[in-house]
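These protein sequence lines are chains A and B, in that order. Numbered per numbering that gives the first Met the number 0, the first sequence spans residues 0 to 186. Numbered per numbering that gives the first Met the number 0, the second sequence spans residues 0 to 143. Idealized CB from N, CA, C, for every residue including glycine. Predicted model, so just to flag it, every value in this text is computed and none were measured. Just below is one structure, and these are the notes that go with it.
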Amino acid sequence: MPELTAHSIPASHPLPPSLYAAPPADPPAPPVPPAAPPPPEPSGPENGSQGAAPPPSSPAVPPEIDSRTWEDFAVFRETFLMYLTPPGYAAALRTFGEMLHGMILEAFNPWPGWPESSTRTELRAALADLRHLEGFLGAVGREHVVSSLTRPDGRLSRFAARQAAEVAKIAQRIEAELAKLAAGEGE
Amino acid sequence: MRRPPRSKPPALPSELEPYQPPAPFSWEERAVFRETLLFYFTQPGAGAVLRQVGTLLYDMTLGACGDWPEWPESQTRAELRAAVADLFQMQGFLSSIWKDGELSAAPAEDLPLCKRALDWSRVVARVAREIDGALGPIPGEVAP
Numbered sequence: 000m001p002e003l004t005a006h007s008i009p010a011s012h013p014l015p016p017s018l019y020a021a022p023p024a025d026p027p028a029p030p031v032p033p034a035a036p037p038p039p040e041p042s043g044p045e046n047g048s049q050g051a052a053p054p055p056s057s058p059a060v061p062p063e064i065d066s067r068t069w070e071d072f073a074v075f076r077e078t079f080l081m082y083l084t085p086p087g088y089a090a091a092l093r094t095f096g097e098m099l100h101g102m103i104l105e106a107f108n109p110w111p112g113w114p115e116s117s118t119r120t121e122l123r124a125a126l127a128d129l130r131h132l133e134g135f136l137g138a139v140g141r142e143h144v145v146s147s148l149t150r151p152d153g154r155l156s157r158f159a160a161r162q163a164a165e166v167a168k169i170a171q172r173i174e175a176e177l178a179k180l181a182a183g184e185g186e
Numbered sequence: 000m001r002r003p004p005r006s007k008p009p010a011l012p013s014e015l016e017p018y019q020p021p022a023p024f025s026w027e028e029r030a031v032f033r034e035t036l037l038f039y040f041t042q043p044g045a046g047a048v049l050r051q052v053g054t055l056l057y058d059m060t061l062g063a064c065g066d067w068p069e070w071p072e073s074q075t076r077a078e079l080r081a082a083v084a085d086l087f088q089m090q091g092f093l094s095s096i097w098k099d100g101e102l103s104a105a106p107a108e109d110l111p112l113c114k115r116a117l118d119w120s121r122v123v124a125r126v127a128r129e130i131d132g133a134l135g136p137i138p139g140e141v142a143p
């Protein structure tokens with residue numbers, strides 16, 4: 000039986016070089032839309048704590064997130080979890096995410112510090128996530144061009160393109176503010 | 000679970016590569032993990048590895064999801080609903096930066112940024128509400 004120790008902070012082994020490889024330049028195409036919508040069913044516990052309990056076979060849908068509980072959804076993007084429609088799959092990853100987030104908050108202090116303040120680092124991370132959302136909404140905004148959509152979905156697609164531009168504006172403001180501060184300190 | 004008080008040193012030895020937001024990859028190359036999580040992983044290369052794991056997971060998911068239950072609405076609507084959820088999550092994250100400023104947990108030179116974070120969180124929430132309003136309830140669900 001191995002000897003147990005009080006702490007198990009992972010050693011700082013260098014990661015295998017192959018894992019440093021850049022992500023592929025040609026990302027996978029989005030999945031084919033479902034052929035036909037199934038009978039409507041309510042959302043439920045797959046999506047977090049909100050909502051009424053659905054029948055067990057109900058496909059999972061994105062949760063209604065109260066911004067005050069943002070830390071309950073800190074790991075996985077909902078734009079990814081939306082694909083995990085089998086009941087319980089997305090909920091399992093959210094639970095794993097809660098565990099991972101909790102562990103990180105316990106463990107990150109010995110890790111190397113950031114090159115700038117935590118506020119600026121957090122804003123840079125938020126900026127990256129906003130750019131992701133801009134790209135995602137932009138892709139939804141092109142669906143009316145690249146796919147055959149119903150008329151209402153076509154309208155929604157064009158609306159998504161406009162909202163992508165709104166998200167881009169927020170990202171640009173954050174980017175400009177961070178750049179201004181960095182420039183001011185560099186003088 | 001609340002975030003612990005900040006205790007990170009502001010400086011980093013120059014030979015290490017700290018967390019850096021990713022280069023302008025396509026959104027699909029960071030489709031899984033939030034950057035607001037990955038910034039904690041300051042070990043050199045760790046964020047890149049997790050992004051790569053995310054790409055793999057995303058790819059596998061797209062390969063498998065064709066056999067999974069369909070959404071109760073069209074894909075366009077499901078995608079926008081997921082974006083609404085992520086926007087509200089982002090609102091919460093930006094609000095927490097503002098709160099840190101209010102609690103004097105941020106350095107003085109960053110307080111203006113903390114104040115702006117509240118404005119940005121409100122704009123993000125407005126975008127989320129606009130999309131949510133355009134979607135309406137999920138078919139079969141009773142609007143609150």
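For a contact meaning CB atoms closer than 9 Å, what does residue i contact in chain A?
i        : result
ARG121/B : Here the premise fails: no neighbours, minimum Cβ distance about 10 Å.
GLY91/B  : ILE64, ASP65, SER66, ARG67, THR68, TRP69, GLU70 and PHE72
By the criterion of Cβ-Cβ separation under 7 Å, what are the contact partners of residue i in chain B?
i        : result
SER147/A : Under the 7 Å cutoff, chain B gives no residues; its nearest Cβ is about 11 Å from SER147/A.
ARG76/A  : ALA30, VAL31, ARG33 and ASP85
ALA125/A : THR35, MET89, PHE92 and LEU93
VAL144/A : Result: empty, since nearest Cβ-Cβ is about 13 Å, beyond 7 Å.
If residue i sits next to residue j, beta carbons under 8 Å apart, how far is it from one beta carbon to the other, in whole angstroms?
i        : j        : result
TRP110/A : GLN42/B  : 6 Å
ALA73/A  : THR35/B  : 7 Å
LEU122/A : ILE64/A  : Not quite, the Cβ-Cβ distance comes to about 20 Å (not below 8 Å), so this is no contact.
HIS131/A : TRP26/B  : 5 Å
VAL216/B : GLU165/A : Any question about residue 216/B goes unanswered here, given that chain B covers just 0 to 143.
GLY140/A : ALA125/A : That pair is no contact at about 22 Å.
MET81/A  : ALA81/B  : 4 Å
LEU83/A  : ALA59/A  : 6 Å
ALA106/A : GLU133/A : Not really, about 31 Å apart at Cβ, beyond 8 Å.
PHE92/B  : TRP69/A  : 5 Å
GLU176/A : LEU112/B : 7 Å
PHE135/A : THR78/A  : 5 Å
The alpha helix (DSSP H) that contains residue i, what's its start and end?
i        : result
PRO71/B  : Looking at the DSSP string, PRO71/B is not in any alpha helix (DSSP H), and its letter there is neither H nor E.
PHE135/A : 117 to 145
VAL52/B  : 45 to 63
VAL126/B : 110 to 134
THR35/B  : 34 to 37
Which chain B residues sit within Cβ distance under 8 Å of residue i?
i        : result
VAL139/A : THR75, GLU78, LEU79 and ALA82
Original post:
Which residues, in chain order, does the segment 99 to 121 of chain A contribute to contact with chain B at a C-beta distance below 9 Å?
Top reply: LEU99, HIS100, GLY101, ILE103, LEU104, GLU105, ALA106, PHE107, ASN108, TRP110, PRO111, GLY112, TRP113, PRO114, GLU115, SER116, SER117, THR118, ARG119, THR120 and GLU121
**OP:** Identify each residue in the segment 159 to 175 of chain A for which the Cβ-Cβ distance to at least one residue of chain B is less than 7 Å, and report them in chain order.
**Re:** ALA159, GLN162, GLU165, VAL166, ILE169, ARG172 and ILE173
Subject >> Entirely enclosed alpha helix (DSSP H) segments - the segment 57 to 100 of chain A, minimum 4 residues >> reply: 77 to 80
Original post:
Taking Cβ-Cβ distances below 9 Å as the criterion, which residues of the segment 83 to 97 of chain A are in contact with chain B?
Top reply: LEU83, THR84, PRO85, PRO86, TYR88, GLY96 and GLU97
**OP:** Check each residue of the segment 99 to 127 of chain B: if its Cβ is closer than 9 Å to any Cβ of chain A, include it; give the result in chain order.
**Re:** ASP99, GLY100, ALA104, ALA105, PRO106, GLU108, ASP109, LEU110, PRO111, LEU112, CYS113, ARG115, ALA116, ASP118, TRP119, SER120, VAL122, VAL123, ALA124, ARG125, VAL126 and ALA127
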